[in-house]
Amino acid sequence: MANRKSKTVRGAVVHQRQIPWMLISGVTVVAVFAAVVFGFAFMRYSETADVRAAQEAAEKAAEPFKPSPENPDPSKKIPGVTVVDYPGQIHVTPAQRVAYDHSPPFGGPHDGIWADCMGVVYPEAVRTENMVHSLEHGAVWIAYNPEKVDEAGIERLKVRAEGKQYTMMSPYPGLDSPISLQSWGHQLKVDSADDPRIDQFITALRLNNNGVYPEIGGSCQAYPGAFDTNNPPKFDGTPPGPDAVPMDGRGATQDAGEMGQP
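This is how it looks when you write it as structure tokens:
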């Protein structure tokens with residue numbers, strides 16, 4: 013009897029100490045998932061840190077291209093920059109289009125409302141007539157062909173624009189090169205987001221107050237009630253019709269100030 017009771021007790025103890033396999037499996041799954049999430053977040057953080065470090069180095073390398081009274085337009089020393097002399101303050105209405113002489117345009121008649129250029133990265137293409145007005149205020153516009161620039165390239169461009177005043181960035185469907193930079197009367201097309209000429213161009217021309225752009229002191233902040241940064245006028249990639257305003261401004265509002273006012 014004593015032996016039989018001892019076995020029963022021992023059996024009961026063994027039964028109570030069974031390994032909780034389901035609990036262990038659940039904890040393991042959670043741990044693995046957390047490790048994956050943490051690893052991905054760490055990888056993304058590292059990539060972002062690397063991009064920002066690369067940008068800091070690129071900006072430092074571009075410092076010799078800062079403008080000065082003695083060297084008012086350093087961009088003329090950057091290989092590949094196109095320079096055109098455009099008159100300013102020729103405005104069209106929101107219903108008009110301009111037959112621009114370059115794509116993307118970088119000067120000429122434009123909408124009386126400027127695009128928000130306070131370091132905005134637009135996810136979709138924006139009406140060019142509004143973007144050109146921002147150039148008149150001293151902004152630099154980074155345009156890229158979404159079919160020719162990969163995600164890493166877009167991130168490399170974004171760090172140059174996001175949160176940087178008097179800078180804006182947007183896709184430009186149909187662009188004949190992967191990347192194109194515009195300031196008033198200046199354009200540079202490049203094949204890679206790592207091209208050092210990008211930072212040279214921005215350093216030389218963004219807010220260059222040495223007579224490089226027409227409206228010194230012009231705002232880059234979106235005009236309240238006139239330009240919606242979250243829902244800007246849409247890009248129109250079709251060829252302008254016969255009623256489009258030509259580059260000489262015929263049919264536009266000549267010598268008008270901001271918002272089409274004298």
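Heads up: take any position in the sequence shown, counting from 1, add 12, and you land on the numbering used here.
C-beta: ideal position from N, C-alpha, C; glycine also.
Note that the coordinates shown come from a computational prediction; the quantities given were computed from them, not determined experimentally.
**Item:** Rounded separation between Tyr-112 and Gly-261 - CA only
**Value:** 11 angstroms
**Prompt:** Anyone know if the C-beta pair for Thr-215 and Lys-78 falls short of 7 angstroms?
**Reply:** yes
**Prompt:** In whole angstroms, what separates the C-alpha of Gly-119 from that of Glu-174?
**Reply:** 23 angstroms
**Prompt:** At which residue ranges does the segment 205-255 contain complete alpha helix (DSSP H) runs of 4 or more residues, listed in the order of the chain?
**Reply:** 209-217
**Item:** Range covered by the alpha helix (DSSP H) that runs through Val-171
**Value:** 163-173
**Asked** For Ile-191, does the three-state DSSP call read helix, strand or coil?
**Response** strand
**Message:** Between the segment 124-134 and the segment 172-187, can you find at least three pairs of beta-carbon atoms closer than 8 angstroms?
**Reply:** yes
**Request:** Indicate the three-state DSSP secondary structure (helix, strand or coil) for Ser-115 in the structure shown.
**Result:** coil
**Prompt:** So what's Ser-182 in DSSP terms, helix, strand or just coil?
**Reply:** In this structure, Ser-182 counts as strand in the three-state DSSP scheme.
**Prompt:** In chain order, what residues of the same chain have a beta carbon less than 6 angstroms from the beta carbon of Ala-205, not counting five sequence neighbours either side?
**Reply:** Gly-165, Arg-168 and Leu-169
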